[in-house]
Amino acid sequence: MLRDRLSMEATQMNRLCDFVNKDPPLNPLLASYFSKTIEMLLERSPKQDWYLHHIVCLHVLDMFKSRRDFLPNLLRHISTSA
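Mapping of the sequence shown onto full-length UniProt numbering: position 74 corresponds to residue 74, and the numbering continues sequentially without gaps.
See below:
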């Protein structure tokens, strides 16, 4: 599945995390795609078993935690309409 492959590829996850490194304001359309992508990665698919879902979620959250700048940069854009 796409979500499983995306979450396991460090290069793609880094590109996704880099989106919030930009100065405000973000493009609202791109911000909405970003939020939907994050939502898709953390949401369980009907075809996904419990174990795989947790592996994907933990991998995504570990990626966010490993990037110390991710959360502060994400919070800079909290007022962006997405």
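Quick reminder that beta carbons are idealized off the backbone N, C-alpha and C, glycines included. Keep in mind it's a predicted model, so treat the numbers as computed, not measured.
Output the distance between the C-alpha atoms of Ser66 and His53, rounded to the nearest integer angstrom.
The count along the sequence shown starts at 1 and reaches residue 66 at position 66. The count along the sequence shown starts at 1 and reaches residue 53 at position 53. Roughly 20 Å separates the two Cα atoms.
Can you give the Cα-Cα distance for Pro28 and Thr80, rounded to whole angstroms?
In the sequence shown, counting from the first residue as 1, residue 28 sits at position 28. In the sequence shown, counting from the first residue as 1, residue 80 sits at position 80. About 7 Å.
Are there 16 or more other CB atoms within 10 angstroms of the CB of Ser35, so buried, or fewer, so exposed?
As a position in the sequence shown, residue 35 is number 35, starting the count at 1. The residue is exposed, with fewer than 16 neighbouring Cβ atoms inside 10 Å.
Contact between the segment 44-51 and the segment 12-22: three or more CB pairs below 8 Å?
No, the segment 44-51 is not in contact with the segment 12-22.
If you compare alpha carbons, which of Ser32, Ala10, Cys57 is closest to Arg44?
Translated into positions along the sequence shown, residue 44 becomes position 44. For the residues Ser32, Ala10, Cys57, the minimum Cα distance to Arg44 belongs to Cys57.
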